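Asker:
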Amino acid sequence: MDCREWLDIKQYEFLMNYFMRRQRELGLAELNEPYSYDGFSLYDQLYQQVVKEAEVAYIECFGEPAPPIAFTNLFHLAELELAGKRPRLKSPKALQ
Numbered sequence: 012m013d014c015r016e017w018l019d020i021k022q023y024e025f026l027m028n029y030f031m032r033r034q035r036e037l038g039l040a041e042l043n044e045p046y047s048y049d050g051f052s053l054y055d056q057l058y059q060q061v062v063k064e065a066e067v068a069y070i071e072c073f074g075e076p077a078p079p080i081a082f083t084n085l086f087h088l089a090e091l092e093l094a095g096k097r098p099r100l101k102s103p104k105a106l107q
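12 is the number of the first residue of the sequence shown in this note's numbering; add one for each residue after it.
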């Protein structure tokens, strides 16, 4: 899901850059464990930590909360970007 419809470009870029920076700092791509999503793996714990940090940083920067789905989507999109597997987004038909 493309969350650019809920965020303006500055908000979108803020979160993408935030998640990419934190994922590099924490070495999430180097974790040698499956993505379990059960809440108990190191990946799950770091994901929860980074999203909570991003929520606070976002409010400090923009003065309002973002839709929760934006944090999940952009966290995983940042993973794909760092892995070099980001899907190409199609531009609106009016621009093609």
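Even for Gly, the Cβ is constructed at its ideal location relative to N, Cα and C. Just so we're clear, the structure is a prediction, and the values are computed from it rather than from any experiment.
(1) So, residue 77 versus residue 26, is the Cβ gap smaller than 9 Å?
(2) With a Cβ-Cβ cutoff of 9 Å, do residue 33 and residue 65 count as a contact?
(3) Quick one: what's got a C-beta closer than 8 Å to residue 37's C-beta in the same chain, skipping five residues either side?
(4) Please check the pair residue 42 and residue 54, which I expect to be a contact at CB under 8 Å, by giving their CB distance rounded to whole angstroms.
(5) Could you name the residues of the same chain whose beta carbon sits closer than 7 Å to that of residue 31, not counting the 5 residues immediately before and after it, in chain order?
Answerer: Looking at the coordinates:
(1) For the purposes of this step, residue 77 is taken as the residue at position 66 of the sequence shown. For the purposes of this step, residue 26 is taken as the residue at position 15 of the sequence shown. Yes, the pair counts as a contact, with Cβ atoms nearer than the cut-off.
(2) Numbered from 1 along the sequence shown, position 22 holds the residue referred to as residue 33. Numbered from 1 along the sequence shown, position 54 holds the residue referred to as residue 65. Between residue 33 and residue 65, the CB-CB gap stays under 9 Å.
(3) Locating residue 37 in the sequence shown gives position 26, counting from the first residue. Cβ neighbours of residue 37 beyond the five flanking positions: 57, 61.
(4) For the purposes of this step, residue 42 is taken as the residue at position 31 of the sequence shown. For the purposes of this step, residue 54 is taken as the residue at position 43 of the sequence shown. Approximately 5 Å separates the beta-carbon atoms of residue 42 and residue 54; this is inside 8 Å, confirming the contact.
(5) Counting from one through the sequence shown, the residue named residue 31 turns up at place 20. Cβ neighbours of residue 31 within its own chain (closer than 7 Å, five residues either side excluded): 89, 92, 93.
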